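A.B. asks:
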Amino acid sequence: EEKQPLYRIGFSQCSMAGPWRQAMLAGMQKELSFHPEIELRVLDAQDDSRRQQAQIRELVQGGVDLLIISPYEADPVTPAVEEAYRRGIPVILLDRRTASDQYTAYVGGNNVEVGQTAARYISRVLRQRGNILEILGTPGSSATAERHQGFAQGLSAYPGLQVVAQVTGDWTVRTLKPALTKALQAHPEVTMIFSHNDGMGHGAYEVCQELGLTKRVRIIGVDGLPGAGEGIDLVQRGVLAASILYSPGGEEAIRTALKILHKAPFNKQNTLGTIVIDSTNVLTLQQQNDKMASQQQDIERQQGLLHRLQQTYASQQVVLNWLLIT
Ligand code: FRU
Numbered sequence: 025e026e027k028q029p030l031y032r033i034g035f036s037q038c039s040m041a042g043p044w045r046q047a048m049l050a051g052m053q054k055e056l057s058f059h060p061e062i063e064l065r066v067l068d069a070q071d072d073s074r075r076q077q078a079q080i081r082e083l084v085q086g087g088v089d090l091l092i093i094s095p096y097e098a099d100p101v102t103p104a105v106e107e108a109y110r111r112g113i114p115v116i117l118l119d120r121r122t123a124s125d126q127y128t129a130y131v132g133g134n135n136v137e138v139g140q141t142a143a144r145y146i147s148r149v150l151r152q153r154g155n156i157l158e159i160l161g162t163p164g165s166s167a168t169a170e171r172h173q174g175f176a177q178g179l180s181a182y183p184g185l186q187v188v189a190q191v192t193g194d195w196t197v198r199t200l201k202p203a204l205t206k207a208l209q210a211h212p213e214v215t216m217i218f219s220h221n222d223g224m225g226h227g228a229y230e231v232c233q234e235l236g237l238t239k240r241v242r243i244i245g246v247d248g249l250p251g252a253g254e255g256i257d258l259v260q261r262g263v264l265a266a267s268i269l270y271s272p273g274g275e276e277a278i279r280t281a282l283k284i285l286h287k288a289p290f291n292k293q294n295t296l297g298t299i300v301i302d303s304t305n306v307l308t309l310q311q312q313n314d315k316m317a318s319q320q321q322d323i324e325r326q327q328g329l330l331h332r333l334q335q336t337y338a339s340q341q342v343v344l345n346w347l348l349i350t
């Protein structure tokens, strides 16, 4: 028979596109596999703030016990999130923030720190002198504003380091390349690119290849995902000089949601740590990731085995009952 879920969690995701968002969802599902009493309803705003606003209201109207939101842009969704919060629905902001402090908890990396870490790393690599090009994410995303702020703050300690050009991407390479090509041609003094994520950093590398600049220009990205063509792999192949790890936090979001739903103590700010991935630690990280992936496979095999054992047990129960009756 179908059991009613004990709790319903609504998740308004700014976009499903790309491996980072997929890793976030996979993390949530992994954690939820231990909690069959919870139903997760996911709506994908496809990088559209108006759609996301409407979807947040749709989730609230449909009845949820808790909302998780990863806003595309901070300002446009703030009223809908505040409405939900004021109705008494706990709200977890995941990875990106709204423009308000009316929320229950935040789960994600410290994006100011991400920017500061990039600045410090660059100062070391460039020996405190050089010209930098910054590639920004979507202008209205909190992660863009915070990474930029931390980067500028971090660089202010080194007068010999300047940002001489900025190019605004949209977290993807969709619109990046023509503007970046122009900026690099106009600024032959650039020797370092700080890209707000690895995906745009990868695109920047391709532009540098086309312009014959891969020897002169080094690129730093953010995310550091495992998997072919992702941050760790790009660092290992020398496409990126470094990537600042930024965890998707799906597991942590669900764990925080459970604490809130169970009225257990929880922290309002749940900051996920970051590290620099570069040639000095990339192999170790890759090995750790491989190991974790194989352990995860073992866990899934054991879950399958448990499930089969349960079924065998249930059918034996039926036989046993039948024998007892007759
Ligand atoms: C994925 C993404 C990541 C980035 C994060 C910032 O949509 O662009 O690459 O680190 O969002 O919020």
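Residue numbers (full-length UniProt numbering): 25 to 350.
Ideal Cβ positions, reconstructed from N, Cα and C, are used throughout, including at glycine.
Fair warning: this is a prediction, and the values are worked out from it, not measured in the lab.
#1: Does DSSP put residue 341 in a helix, in a strand, or in coil?
#2: For residue 129, which beta-bridge partners are listed by DSSP?
#3: Report all residues from its chain with a CB closer than 7 Å to the CB of residue 388; omit the five preceding and five following residues, and keep chain order.
#4: Using only the heavy atoms of ligand 1, determine whether one of them is closer than 8 Å to the beta carbon of residue 145.
#5: Measuring straight from C-alpha to C-alpha, what distance separates residue 334 and residue 54?
#6: Heavy atom of ligand 1 less than 8 Å from the Cβ of residue 220, yes or no?
#7: For residue 257, which beta-bridge partners are listed by DSSP?
#8: Alpha carbon to alpha carbon, how far is residue 302 from residue 154?
#9: For residue 218, does the three-state DSSP call read helix, strand or coil?
#10: Short check: CB of residue 244 to CB of residue 218, under 9 Å?
#11: Which residues bound the alpha helix (DSSP H) around residue 197?
#12: Select from 284, 220, 189, 194 the residue whose C-alpha is nearest the C-alpha of residue 205.
#13: Closest to residue 315 by C-alpha separation, out of 222, 133, 86, 250, would be which residue?
#14: In three-state DSSP terms, what is residue 228?
#15: Tell me whether residue 246 counts as near ligand 1, meaning its Cβ is closer than 8 Å to at least one heavy atom of that ligand.
#16: Pull up the distance between the alpha-carbon of residue 25 and that of residue 337, whole angstroms please.
#17: If we ignore side chains and look at the alpha-carbon of each, how far apart do residue 290 and residue 59 end up?
#18: Can you tell me which of the three DSSP states residue 188 falls into?
#19: Near residue 21, which residues of its chain fall below 7 Å by C-beta distance, leaving aside the five closest residues on each side in sequence?
#20: Hey, would you say residue 237 sits closer than 9 Å to residue 191, going by beta carbons?
#21: Compute every distance between the C-beta of residue 270 and the non-hydrogen atoms of ligand 1, then say whether any falls below 8 Å.
#22: Looking at the secondary structure, which residues open and close the beta strand (DSSP E) in which residue 266 lies?
#23: Less than 9 Å between the C-beta atoms of residue 284 and residue 116, yes or no?
#24: Going by the C-beta, is residue 165 closer than 8 Å to any heavy atom of ligand 2?
#25: So residue 152 and residue 185 are supposed to be a Cβ contact under 8 Å. How far apart are they, rounded?
#26: Across which residues does DSSP place residue 32 in a beta bridge pair?
#27: Would you call the segment 110-126 and the segment 165-183 in contact, with 3 or more CB pairs under 8 Å?
#28: Which value, in whole angstroms, describes the spacing of the CA atoms of residue 105 and residue 124?
C.D. replies: The structure says:
#1: helix
#2: 116
#3: Given that the chain is displayed from residue 25 to residue 350, the structure contains no residue 388 and the question cannot be resolved.
#4: no
#5: 20 Å
#6: yes
#7: Paired residues: none, contrary to the question.
#8: 20 Å
#9: strand
#10: yes
#11: That residue, residue 197, is in no alpha helix (DSSP H); it is neither H nor E in DSSP.
#12: 189
#13: 250
#14: helix
#15: yes
#16: Residue confidence is low: residue 25 scores 48 on pLDDT, short of 50, so the model does not pin down where it sits. No coordinate-derived value is stated.
#17: 19 Å
#18: strand
#19: There is simply no residue 21 to check, as the chain begins at 25 and stops at 350 in what is shown.
#20: no
#21: yes
#22: 266-269
#23: yes
#24: Among the ligands present in this structure, namely ligand 1, ligand 2 is not found.
#25: 6 Å
#26: 63
#27: yes
#28: 9 Å
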